[in-house]
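Visitor: Residue numbers (this note's numbering): 1 to 277. For glycine and all other residues, C-beta sits at the position ideal for the given N, C-alpha and C. None of the values given here were measured: they were computed from a predicted structure. Handing you this structure, nothing more for now.
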C-alpha cells in the first residue's frame, strides 16, 4: 500500500533505495540566483521540469538555455528537458532563484536529449464543477514523445477547489492485455494557498482503506490499489505526477467496478484515458 513522505524529509525524495517503488526516481532542486546542481542517474531516464524561475540545463555536451517561463506552478505550463540514462546533467539558475523537479524512470535504452516547451505539452480537461471532479491534466512527457523515451510518463494536474481527481477510483497494478497495465505512480502535492490540504485514499478490492492527509510539499508513492484524491474547498490543488510502466509505456487504467458507471457521467473521462495510452 502507499508510502507517505512528508515535505523535505529526505533527499533524494525517491531513488533505488525506496521500499515501495522499484522504477521511479524523484527529487526537487531549489537553487539560489546563480546556484548550480550536477547529477548523473545511472539507471533512470529523467525529465527536468522547471517549476519556477529559469535555468540553463546541460545534458552531456548539449546545452538548453533559458528553460522556464513561469514565476511558479500556477502561472502557465512547464518548460522541461529530457535526459537519457547515465547522462551528466548540470543545472544553473539564471537571474534569480529557481526550483526544478526531477522525474525519473528505470530505462534500459539510451535516447537523445530533447526539450519540451510549453507549446509542446498536451493538456486535457476532465470533470466539471457540478460533479466536483474538475481538473486539468498537462502531459509534459506523454504520447507526443512516444519513440523518443522509455516508459516514463510525467504530468502536472490542477484540481478545482473541493474537487476529486483520480476519480472515478482506478488502479493500474496488474498487466492484463487491453484491460490494465502495471504502472508505478508518484504524487507530489502543492496547494494554493499553501495552507490548503487534501486527502489521498487507497484501497484494494478486498483490503482495508487507507486515508492520508496531504499538505503542501508532501509526496505519496502508489504501488497498487485504487487511489482517488480530493482537494479541500477553498483551495486549488496541484499534483506533480510520475508514472513508469513495468512492461510498456502506455497506461491503461482499470476502474473500480462499483463506480464504473461514473465514467459515463463525468465529462472528459474517455479523453483522459486516450491521452495516457
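1) Would you call the CB atoms of residue 78 and residue 28 closer than 8 Å?
2) Using a Cβ distance threshold of 8 Å, determine whether the stretch 237–248 contacts the stretch 137–156, with at least three qualifying pairs required.
3) Look at the Cβ atom of residue 160, then the Cβ atom of residue 113, and state whether they are nearer than 8 Å.
4) Can you round the beta-carbon distance between residue 284 and residue 218 to whole angstroms, since I take them to be within the 8 Å contact cut?
5) Express the C-alpha separation of residue 102 and residue 11 in angstroms, rounding to a whole number.
6) Just how far apart, CA to CA, sit residue 63 and residue 9?
7) Looking at residue 260 and residue 273, is the spacing between their C-beta atoms short of 8 Å?
8) Pull up the DSSP beta-bridge partners for residue 138, would you.
9) Can you list, in chain order, the residues of its chain with a C-beta nearer than 7 Å to that of residue 98? Leave out the 5 residues immediately preceding and following it.
10) Along the beta strand (DSSP E) that carries residue 180, what are the first and last residues, could you check?
11) Mapping the DSSP letters down to three states, classify residue 246 as helix, strand or coil.
12) Restricting to Cα atoms, I'd like to know which of 137, 91, 199, 41 is closest to residue 275.
13) Classify residue 259 as helix, strand or coil using the three-state DSSP reduction.
14) What would DSSP say about residue 254, mapped onto helix, strand or coil?
15) Would you kindly work out how many angstroms separate the C-alpha atoms of residue 36 and residue 59, rounded to a whole number?
16) Out of 189, 122, 265, state which residue places its alpha-carbon closest to the alpha-carbon of residue 200.
17) Should residue 82 and residue 121 be called a contact, given that it needs their Cβ atoms to be closer than 8 Å?
18) Just tell me which of 235, 7, 150 has its CA closest to the CA of residue 134.
19) At least one CB of chain D closer than 8 Å to the CB of residue 189: is that the case?
20) Considering only C-alpha positions, which residue in the set 187, 175, 181, 180 is nearest to residue 323?
21) Between which two residues does the beta strand (DSSP E) containing residue 101 stretch?
22) Determine the direct distance from the alpha carbon of residue 167 to that of residue 34, and round the result to whole angstroms.
23) Within its chain, find whatever has a CB closer than 6 Å to the CB of residue 209; leave out the 5 residues flanking it on each side and keep chain order.
24) Below 8 Å on the Cβ atoms is my contact criterion, and I expect residue 269 with residue 126 to pass it. Report the Cβ-Cβ distance as a whole number of Å.
25) Report yes if the CB atom of residue 349 is closer than 8 Å to the CB atom of residue 89, and no otherwise.
26) Would you list the one or two residues that DSSP bridges to residue 241?
27) Please name the residue or residues paired with residue 199 in a DSSP beta bridge.
28) Under the assumption that residue 212 contacts residue 84 (Cβ atoms under 8 Å), give the Cβ distance between them as a whole number of angstroms.
Guide: Concretely, from the data shown:
1) Contact: no.
2) Under the three-pair Cβ rule at 8 Å, the stretch 237–248 counts as touching the stretch 137–156.
3) Going by C-beta atoms, residue 160 is not nearer than 8 Å to residue 113.
4) Residue 284 lies beyond the stretch modelled for the chain, which goes from 1 to 277, so this question has no answer here.
5) Computed Cα separation, rounded: 12 Å.
6) Roughly 32 Å separates the two Cα atoms.
7) Contact: no.
8) Note: residue 138 sits in a beta bridge opposite 123, 156.
9) Sequence-distant partners of residue 98 (beyond 5 residues in either direction) whose C-beta falls short of 7 Å from its own C-beta, in its chain, are 31, 50, 52, 53, 54, 55, 68.
10) Taken as a continuous stretch (DSSP letters only), the beta strand (DSSP E) holding residue 180 covers 180–192.
11) Residue 246: coil per DSSP, three-state reduction.
12) Cα-wise, what sits closest to residue 275 is 137.
13) Three-state DSSP puts residue 259 in a helix.
14) Residue state, collapsed to three classes: strand.
15) When rounded, the distance between both Cα atoms is 14 Å.
16) For the residues 189, 122, 265, the minimum Cα distance to residue 200 belongs to 189.
17) No. Outside cutoff.
18) Nearest of 235, 7, 150 to residue 134, Cα basis: 235.
19) The displayed structure is made up of one protein chain only, and chain D is not part of it.
20) With the chain running from 1 to 277 in the structure shown, residue 323 is simply not present.
21) In the DSSP assignment, residue 101 falls within the beta strand (DSSP E) that extends over 98–106.
22) When rounded, the distance between both Cα atoms is 42 Å.
23) Once the five neighbours on either side are set aside, the close Cβ partners of residue 209 are 203.
24) That belief holds up - the Cβ atoms of residue 269 and residue 126 are roughly 7 Å apart, short of 8 Å.
25) With the chain represented from 1 up to 277, any question about residue 349 goes unanswered, as that position is not in the structure.
26) In the DSSP output, where bridge partners are listed per residue, residue 241 has 155, 187.
27) Residue 199 pairs with 213, 230.
28) That pair is no contact at about 34 Å.
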